[in-house]
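First up is the structure itself, then whatever we jot down about it.
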Amino acid sequence: MNVTVIGTGYVGLVTACCFAEHGHQVVGVDEQPDKVRRLSSGDPVIYEPGVEKLLEANLRNGRLRFTTDIADGVAASEVLFLCVGTPQGDDGKADLSQIERVTRVIASHLDGYRLLVEKSTVPVKTATWIARTLRLHTRAAGAAFDVASNPEFTREGTAVRDFLEPDRIVIGVDSDRARELLLALYEPFDCPKVVTDVSTAEIIKHASNSFLALKISYINLMAELCEAAGGNVETVAQGMGLDERIGKSFLKAGLGYGGSCFPKDVRAFIRIGQELGVDMSVLQAVDALNGRRIDQIAGKLQRALWVTRDKTVAIWGLAFKPDTDDVRGAPALALAQRLLADGAKLRLYDPKALESAQHLLPAGDRVTYCDSALHAVEGADALAVATDWPEFGQADLADVRRRMTTPVVVDARNMLDPAAVRAAGFEYHSVGRPESDGLA
Ligand code: NAD
Numbered sequence: 002m003n004v005t006v007i008g009t010g011y012v013g014l015v016t017a018c019c020f021a022e023h024g025h026q027v028v029g030v031d032e033q034p035d036k037v038r039r040l041s042s043g044d045p046v047i048y049e050p051g052v053e054k055l056l057e058a059n060l061r062n063g064r065l066r067f068t069t070d071i072a073d074g075v076a077a078s079e080v081l082f083l084c085v086g087t088p089q090g091d092d093g094k095a096d097l098s099q100i101e102r103v104t105r106v107i108a109s110h111l112d113g114y115r116l117l118v119e120k121s122t123v124p125v126k127t128a129t130w131i132a133r134t135l136r137l138h139t140r141a142a143g144a145a146f147d148v149a150s151n152p153e154f155t156r157e158g159t160a161v162r163d164f165l166e167p168d169r170i171v172i173g174v175d176s177d178r179a180r181e182l183l184l185a186l187y188e189p190f191d192c193p194k195v196v197t198d199v200s201t202a203e204i205i206k207h208a209s210n211s212f213l214a215l216k217i218s219y220i221n222l223m224a225e226l227c228e229a230a231g232g233n234v235e236t237v238a239q240g241m242g243l244d245e246r247i248g249k250s251f252l253k254a255g256l257g258y259g260g261s262c263f264p265k266d267v268r269a270f271i272r273i274g275q276e277l278g279v280d281m282s283v284l285q286a287v288d289a290l291n292g293r294r295i296d297q298i299a300g301k302l303q304r305a306l307w308v309t310r311d312k313t314v315a316i317w318g319l320a321f322k323p324d325t326d327d328v329r330g331a332p333a334l335a336l337a338q339r340l341l342a343d344g345a346k347l348r349l350y351d352p353k354a355l356e357s358a359q360h361l362l363p364a365g366d367r368v369t370y371c372d373s374a375l376h377a378v379e380g381a382d383a384l385a386v387a388t389d390w391p392e393f394g395q396a397d398l399a400d401v402r403r404r405m406t407t408p409v410v411v412d413a414r415n416m417l418d419p420a421a422v423r424a425a426g427f428e429y430h431s432v433g434r435p436e437s438d439g440l441a
């Protein structure tokens, strides 16, 4: 089948590479000429495990190409995937301007039949707006279209595997033709397929992300309770998670959820629910709890340092989670900003996100980017572990101790072994666990 993917960021690039890998003829369209040039030469632009190999192989075998020209993409394929950004807009609403702009341009090039598929995360009823925009802007006689929803559930860091081996595929369609096209495209994928109407599919995506966010905020609330009452949140999570109705995943207390999806998706879901007259207060609480996490961890650092001004804090991990270079909405950067506002000097390290982080938090007098975890702790008064990259768990703690001015660790991800850290001579603070250092 011929497939066009519009927007070749984290989702679009993986989608394009994986469909090409499945034997389809794929055109990737992006408005950024530099990105298109780099992708066309085999440079994936982003760090996402497995993508580079698929990109190279499918460029070489001629099944994948990139262009800035939407007209080319519309002409090339019957199925067009919309993978552009849907960032947070005013008052938490989804900003759908990229979707609207792309739809208008597609409409102006539409001649025969095309199926537009929402892969971007959008609020329920967006397909209705897309269809209306297509109707208003299409000129050619013989132009026809369907709009479908096929939400994306891949996780950054494991996106290629998630795409190729999904736990489910959701197909939201309002016509037989759209259903047949999408079922044919996904025919080789061996997983449950939920085929439903477009609005239900749109809701499934927001409902899924919001529910995962809810689990994270819930366990963080339990962490607050454990700190107040003297319990251990890790054991609470274990005790809860063994109940198969609850499940173990997403019960990890820490610095809260971040990234380019959960925060804005929860808020967009709240807003669309409110617009439809539904009380979304359970999700408002989820959002508020998540916002408190930075205060909680910054508070731990502040208490550990006593006075934060002019102290040097090393931060390990800047990406919003391990195995990605994505720092959009990264809790680690929010923590860094908070510490800067409190007068600290920062030494920052991340295995993959040093470059992307510098766009959001430039290096300067009080911000130093370091090329290794050990380099970052040189002369530090405290170390904050903000993203749970596996390499941090293997650090030589004695060496870390020697390099630091004072031996204080605030482990905002509960990833280090408390006994080992304390045995190496550190004062160790973590999340929702009993503190033997007296600074809960
Ligand atoms: P991204 O910002 O990485 O990529 C978006 C791309 O769209 C950019 O390359 C941009 O240049 C391009 N673009 C914007 N306007 C365009 C236009 N008019 N014509 C052509 N290209 C255009 O975003 P992303 O992280 O890939 O997310 C895309 C969507 O997928 C969002 O709705 C997001 O919520 C959703 N989503 C993301 C993930 C994820 O892991 N990042 C997972 C599931 C769903």
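The opening position of the sequence shown corresponds to residue 2 in the working numbering, with each subsequent residue numbered one higher.
For each residue, glycine too, the CB sits at the ideal point set by N, CA and C.
- Close CB contacts of Phe263 within its chain, under the 6 Å cut and outside five residues either way in sequence, are with Asn210, Ala214 (chain order).
- DSSP places Gly74 within a helical segment (H, G or I) once states are collapsed to three.
- Per DSSP, the continuous alpha helix (DSSP H) segment holding Ala269 begins and ends at 263-276.
- Contact holds between the region 253-267 and the region 320-332, because three or more Cβ pairs, one in each stretch, are under 8 Å apart.
- If you check the CB distance, Ala381 and Arg339 do not come in under 9 Å.
- Residue range 11-22 is occupied by the alpha helix (DSSP H) that includes Tyr11.
- DSSP, reduced to helix, strand and coil, places Trp130 within a helical segment of the structure shown.
- Val46 and Gly231 have their alpha carbons spaced roughly 46 Å apart.
- Per DSSP, the continuous beta strand (DSSP E) segment holding Gly29 begins and ends at 26-30.
- With 16 or more neighbouring CB atoms inside 10 Å of its own CB, Arg115 falls in the buried class.
- Excluding its 5 nearest sequence neighbours in each direction, Pro88 has C-beta neighbours in its own chain below 7 Å: Asp96, Lys265, listed in chain order.
- Distance from the CA of Phe67 to the CA of His138, rounded to the nearest whole angstrom, comes to 25 Å.
- For the 9 Å CB-CB criterion, Gln26 and Asn3 form a contact.
- Around the CB of Trp317, 16 or more other CB atoms lie within 10 Å, so the residue is classed as buried.
- The closest heavy atom of ligand 1 lies less than 8 Å from the beta carbon of Ala160.
- Exposed is the label assigned to Leu277, since fewer than 16 other Cβ atoms lie within 10 Å of its Cβ.
- Per DSSP, the continuous beta strand (DSSP E) segment holding Thr369 begins and ends at 368-370.
- Residue pairing for Ser150: DSSP places it in a beta bridge opposite Glu119, Gly173.
- Boundaries around Val410 are those of the beta strand (DSSP E), 409-412, since no alpha helix (DSSP H) includes it.
- For Gly86, the Cβ falls inside the 8 Å cut-off from some heavy atom of ligand 1.
- Per the C-alpha coordinates, the member of Val386, Thr407, Ala374, Val411 positioned closest to Asp397 is Ala374.
- Collapsing the DSSP output to three states places Lys249 in coil.
- Annotation for Phe321: no beta strand (DSSP E) segment contains it, and DSSP assigns it neither H nor E.
- The closest CA to that of Leu111, considering only His360, Val199, Arg140, is found on Arg140.
- Between Asp31 and Gly8, the gap from beta carbon to beta carbon is short of 9 Å.
- Here Gln239 is exposed. Its C-beta has fewer than 16 other C-beta atoms within 10 Å.
- For Phe67, the enclosing beta strand (DSSP E) stretches over residues 65-68.
- Contact check between the region 266-276 and the region 358-365: fewer than three CB pairs, one atom from each, fall below 8 Å, which does not count as touching.
- In the structure shown, Ala145 adopts extended strand secondary structure according to DSSP, grouped into three states.
- Residues of the same chain with a CB within less than 6 Å of the CB of Leu384, apart from the 5 flanking positions on each side, are Ala315, Val378, Val410 in chain order.
- Between Val75 and Leu81 the beta-carbon gap is near 7 Å, inside 8 Å, which marks them as a contact.
- Taking 9 Å as the cut-off, the Cβ atoms of Tyr350 and Asp372 count as close.
- The distance from the Cβ of Asp343 to that of Thr309 is about 4 Å, consistent with a contact at the 8 Å cut-off.
- The continuous beta strand (DSSP E) containing Arg348 extends over residues 346-350.
- Counting C-beta pairs closer than 8 Å gives three or more between the region 220-237 and the region 426-434, which meets the contact rule.
- If you compare the alpha carbons of Val267, Ile298, Gln297, Arg293 with that of Leu284, the shortest gap goes to Val267.
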